[in-house]
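Just below is one structure, and these are the notes that go with it.
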Amino acid sequence: MEVLEARLQYKFNNVKLLENALNHSSYANEVRNGTKSNERLEFLGDSVLSVIVASYLFENFKTIPEGELTKLRASLVCEKSLCGFSREIGLGEFLHLGKGEEKGGGRERDSILADAFEAVLAAIYLDGGMECAERFVLRFVLPELSHRDEQVFKDYKTTLQEIIQRNPEETVTYHLTGESGPDHDKIFEVEVHLNSNVIGKGKGKNKKQAEQMAAKEALLLMGAEI
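If you read the sequence shown in our numbering, its first letter stands for residue 2, the second for the next number, and so on.
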């Protein structure tokens, strides 16, 4: 447990809470000696996670409307994000799984890793309180937030379109000019054209983001406030 505690950057007062958080239901059902699964902790962890993330977004993104905050929170607490957080600390190595789940690759199953992250969070919350739980969660969430598409917060394409529409004869179009990198980590390059002239270029992890970045560059070159 000391190795895992080091990865969690948290020392438990009651290590049994951590042990319980690592017990998948397949293991608890197989052992049948009173061992509890981590499902109840997962339930609690889900709520604690939502409160921590919602509170952080509410306090730090004061100009973002409720609908966008809801989308952003959902993206941060979804299964894809949580299993990624689990993999960062190698949580799968420490899980207690039933024989069938073990053979079936349960240690790498997204749903199991995501649930285990929530269970561990709940264990930290019960052992050390909300401050410790918040410190643990933000360690993963803050870097993730910094990598979010900028269009979550700014819609540069709409702003550019509104400016160009003041001159009905002008037309804005976006053109994909290149893409590079492996399939799981591609970078797209886009140009935005005003009629036939290039007025901005942008790169992004998808075409939508690249278009937003091209529109942003165009706005900056035009001297527009963004």
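Here a beta-carbon is modelled for each residue, glycine too, at the ideal position from N, C-alpha and C.
These numbers come from a predicted model, not from an experiment.
For residue 179, there is no enclosing alpha helix (DSSP H); the enclosing beta strand (DSSP E) covers residues 173-181.
Beta-bridge partners assigned by DSSP to residue 199: 194. Beta-bridge partners of residue 204 (DSSP): 190. Within the DSSP secondary-structure output, residue 97 pairs in a beta bridge with 24. Residue 29 and residue 54 have their C-alpha atoms roughly 30 Å apart. Of 4, 160, 20, 167, the smallest CA-CA separation from residue 216 is found for 160. If you draw a 10 Å sphere on the C-beta of residue 2, you find fewer than 16 other C-beta atoms in it, and that means exposed. When the beta-carbon positions are compared, residue 208 and residue 191 come within less than 8 Å of each other. Residue range 131-147 is occupied by the alpha helix (DSSP H) that includes residue 131. Counting the other CB atoms within 10 Å of its CB gives residue 214 a total of 16 or more, which places it among the buried residues. Taking each of 199, 219, 96 in turn and checking the Cα distance to residue 5, the smallest one comes out for 96. Comparing C-alpha distances from residue 172 to each of 180, 179, 163, 178 shows the shortest one belongs to 163.
Secondary structure within the segment 15-74: the alpha helix (DSSP H) runs of 4 or more consecutive residues, fully enclosed, are 16-22, 26-32, 40-61 (chain order).
Residue 25 counts as buried, since no fewer than 16 other beta carbons sit within 10 angstroms of its beta carbon.
The Cβ neighbour count for residue 79, taken over all protein chains shown within 10 Å, is under 16; the residue is labelled exposed. With 16 or more other Cβ atoms from the protein chains shown falling within 10 Å of its own Cβ, residue 119 counts as buried.
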